[in-house]
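Trainee:
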């Protein structure tokens, strides 16, 4: 009695996102998803003659583990999982949650130890650059509640955005990539925001359903030391069970020299994880036509049509600005009129105003042309 | 709202069975897992200064994976799992699933491949490193259904059987083990039963909550060719999906020469599987005070207080009598008054009557004493 949309999603993940081949190994990690989607993925994987390796997780079990986490334990876990990840060709992570605050109360240093050791060695150092990976959410009542929607409506939204025709979006992204590749100076302007940086020579990457589901962004990275000015974000961000709001960052020559939020001390501690945490590793433009408001979750919010995100921490290898960190903190600014508007300039030319692309060659990326 | 009995069980497993010490790495394998149980175990391991490693799975998913796997995949799994197992000091494993029959969809050749390339590899590592292990039969709705009980009733039964005072039981077992080691000849009498055999020099093993939970038996094996007479088992036994009732076996010089039950033909087919299947590989006395009737699951039934069991087929390495077979089929006879009573004699001396030890030194093992704690 599996929802046909689950089988469709599993099919898209294995065939479109990962393009899994016979004999390949895929690590499938799932938390709080229930088993039907895992069963569908195992069947699709075997269907192409590939090998599924399942890791089931549960938020509360994870929270119990994190409560006693030490650098030694994280290191041992990494010792076991690094060679396993190295043997993989592909990786799928599906994350649901029953309570967004399940890790609230766990000391920050325990979570940071896990991220800095296990997260870095297994995911940052191996998975990100050496496997074909895709990461997605799983619709749960808690996620629906966080998004302010009924569970049924949220499930409809979820499968709409996940099972979108990413082929059309992918083609529409090509001119934006070309333009980014030719651009030197970027300026972001809006309420509380006036920020400049260079993206010269970094290159751009389309996110068209191969790595994230839902998807819809084009990213690059600022030249590491070129960022100057202030940016004020208008979507909340959850880290380690804490909901950050009203985040702003001020940069001088690439480094975050001042910042604020609803908990500035906690935020500064997070940005002090390591040296790279105070520099930015990613700049991206969101274009998913079916996501128009914050869902309280990075994987949805960073794809919002008319948004940008700017990310303290680690860069990606395919848009490498040389910044390395154990964190990669996507912070989202929505520039549609409902969220206060704003402009993006590339080399002094207005490219997007109030969330809509104004250059003719980019019009195909405006929402009405993608649905 | 975690059931406090879950914490009590976690304490038994971590502090008694595993005896976790500071710095021990403990692998927790939970199938059709109960998240409360997982959390309780993690907390109990941390409490002892150990490091928990968790594996969650469901029988249905495991069955699906096993149906499609081949040698390449199993060897890859074994390689990943071996690396971790090498570093473990203990391994807690939960058996049982929501539906005991989920694994039936896995073709035999896949199961054999898995045994050869995965199970045996882990087993070898655990033996070589002296890794402690314990298997727990978890009270799922499926297990309750097998026992013909509601899930709530079954949980009550389960926790009381699992959380007996194993330290007290273990001490009580010392006297019985000691007596069995000194005993040559065993006679068992009861309705339809008049059986005798030698246990000679064969070692005696206490099962006191270290390897199985629930636990409670002391076993040895009969000298292979010494068994004579007839035994009538009064607990049903489910094997390959068939429920055997009223099994009655007659032995001559160790060999089962006559066998009847509710399906004689099926029974004889089982016993004709190989030559060792008609000989006995284990003799054991059950002492768990919280188990007083059959649950149709061997892991519970063989521990029933006042019962004994004989296993047709292979003996255990710890109490070897030289009998080898592909089967090890535990058959249980309960000797409490409700089940018709009976007596056990060691070297001609009555030691247990109607399920109650009468020998002074063994009284600590009687249900009333053990249940009092």
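Protein chains in written order, with the numbering used here: chain A, 1 to 371; chain B, 1001 to 1373. By construction, the Cβ of each residue, glycine as well, lies at the ideal position given by its N, Cα and C atoms. Just so it is clear, the structure is predicted and the values come from calculations on it, not from any experiment.
#1: Could you pull the start and end residues of the beta strand (DSSP E) that residue 198 of chain A belongs to?
#2: Give me the chain A residues within the contact set of residue 1114 of chain B, using Cβ-Cβ distance strictly less than 7 angstroms, ordered along the chain.
#3: If we require 3 or more residues per run, which beta strand (DSSP E) segments fall completely within the region 1046-1117 of chain B?
#4: Counting only beta-carbon atoms, is residue 54 of chain A nearer than 8 angstroms to chain B?
#5: Could you check what DSSP says for residue 272 of chain A in three-state terms: helix, strand or coil?
#6: Taking CB distances under 8 angstroms as the criterion, tell me whether residue 1305 of chain B reaches chain A.
#7: Quick one: give me the first and last residue of the alpha helix (DSSP H) that residue 71 of chain A is part of.
#8: Which two residues bound the contiguous beta strand (DSSP E) that contains residue 1328 of chain B?
#9: Helix, strand or coil for residue 1166 of chain B? Go by DSSP, reduced to three states.
#10: List, in chain order, every chain A residue whose beta-carbon is nearer than 8 angstroms to that of residue 1054 of chain B.
#11: From residue 1024 of chain B to residue 1016 of chain B, what does the alpha carbon distance come to, in whole angstroms?
#12: Answer yes or no: does any C-beta atom of chain B fall closer than 8 angstroms to that of residue 251 of chain A?
#13: In chain B, which residues lie with their C-beta within 7 angstroms of the C-beta of residue 35 of chain A?
#14: Give me the subset of the region 65-98 of chain A whose CB atoms are less than 9 angstroms from a CB atom of chain B, sorted by chain position.
#15: For chain A, find out if any of its Cβ atoms is closer than 8 angstroms to the Cβ of residue 1094 of chain B; answer yes or no.
#16: Contact between the region 74-89 of chain A and the region 115-135 of chain A is defined here as three or more beta-carbon pairs at a separation below 8 angstroms; is this criterion met?
#17: Could you tell me which chain A residues have their CB closer than 9 angstroms to the CB of residue 1122 of chain B, listed as they occur along the chain?
#18: Would you give the residue range spanned by the beta strand (DSSP E) that residue 93 of chain A belongs to?
#19: Are the region 1315-1326 of chain B and the region 1227-1235 of chain B touching, with three or more C-beta to C-beta distances below 8 angstroms?
#20: From the DSSP output, in three-state form, read off residue 1302 of chain B for me.
#21: If you run the structure through DSSP and keep just helix, strand and coil, what is residue 224 of chain A?
#22: Give me the Cα-Cα distance between residue 1156 of chain B and residue 367 of chain A, rounded to the nearest whole angstrom.
#23: Would you mind stating whether residue 134 of chain A and residue 212 of chain A have Cβ atoms separated by less than 8 angstroms?
#24: I'd like to know if residue 1088 of chain B contacts chain A, where contact means its C-beta is closer than 8 angstroms to some C-beta of that chain.
#25: Can you give me the C-alpha to C-alpha distance between residue 335 of chain A and residue 312 of chain A, rounded to a whole angstrom?
#26: Using C-beta distances below 7 angstroms, list every residue in its chain close to residue 90 of chain A, excluding the 5 sequence neighbours before and after it, in chain order.
#27: State the Cα-Cα distance for the pair residue 1172 of chain B and residue 1212 of chain B, rounded to the nearest angstrom.
#28: Name, please, each residue of chain A whose Cβ falls closer than 9 angstroms to the Cβ of residue 1073 of chain B.
#29: With a floor of 4 residues, list each alpha helix (DSSP H) that falls wholly inside the region 1250-1310 of chain B, ordered by position along the chain.
#30: Whole-angstrom Cβ separation of residue 217 of chain A and residue 284 of chain A, contact assumed at under 8 angstroms?
#31: Using C-beta distances below 6 angstroms, list every residue in its chain close to residue 55 of chain A, excluding the 5 sequence neighbours before and after it, in chain order.
#32: Between which residues of its own chain and residue 259 of chain A is the CB-CB distance below 8 angstroms, once the five residues before and five after are set aside?
#33: So which of B/1031, B/1029, B/1036 has the shortest CA-CA distance to residue 1001 of chain B?
#34: Quick one, are the C-beta atoms of residue 203 of chain A and residue 319 of chain A less than 8 angstroms apart?
#35: Determine whether the Cβ of residue 166 of chain A lies closer than 8 angstroms to any Cβ atom of chain B.
#36: Below 7 angstroms on C-beta distance, what does residue 1043 of chain B contact in chain A?
Mentor: Working from what's here:
#1: 193-198
#2: None at all; the shortest Cβ gap to chain A is about 14 angstroms.
#3: Qualifying beta strand (DSSP E) stretches, in chain order: 1051-1057, 1090-1095.
#4: yes
#5: In the three-state reduction of the DSSP assignment, residue 272 of chain A falls in the coil class.
#6: no
#7: 71-86
#8: 1328-1334 is the extent of the beta strand (DSSP E) around residue 1328 of chain B.
#9: When secondary structure is reduced to three states using DSSP, residue 1166 of chain B falls in the helix class.
#10: 61, 65
#11: Approximately 14 angstroms between the Cα atoms of the pair.
#12: no
#13: 1058, 1060, 1061
#14: 65, 67, 68, 70, 72, 73, 76, 77, 79, 80, 81, 83, 84, 87
#15: no
#16: yes
#17: Result: empty, since nearest Cβ-Cβ is about 14 angstroms, beyond 9 angstroms.
#18: 90-95
#19: no
#20: coil
#21: Reduced to three states, the DSSP call for residue 224 of chain A is coil.
#22: 58 angstroms
#23: yes
#24: no
#25: About 20 angstroms.
#26: Around residue 90 of chain A: 18, 20, 24, 26, 131, 132, 133.
#27: 18 angstroms
#28: 25, 51, 52, 53
#29: 1264-1271, 1298-1301
#30: 5 angstroms
#31: 29
#32: Its chain contains 247, 248, 249, 250, 267, 268, 271 as the residues whose beta carbon lies nearer than 8 angstroms to that of residue 259 of chain A, once the 5 sequence neighbours on both sides are disregarded; these appear in chain order.
#33: Residue nearest to residue 1001 of chain B within the set B/1031, B/1029, B/1036 is B/1036 (criterion: CA-CA distance).
#34: yes
#35: no
#36: Residues of chain A passing the Cβ test: 64.
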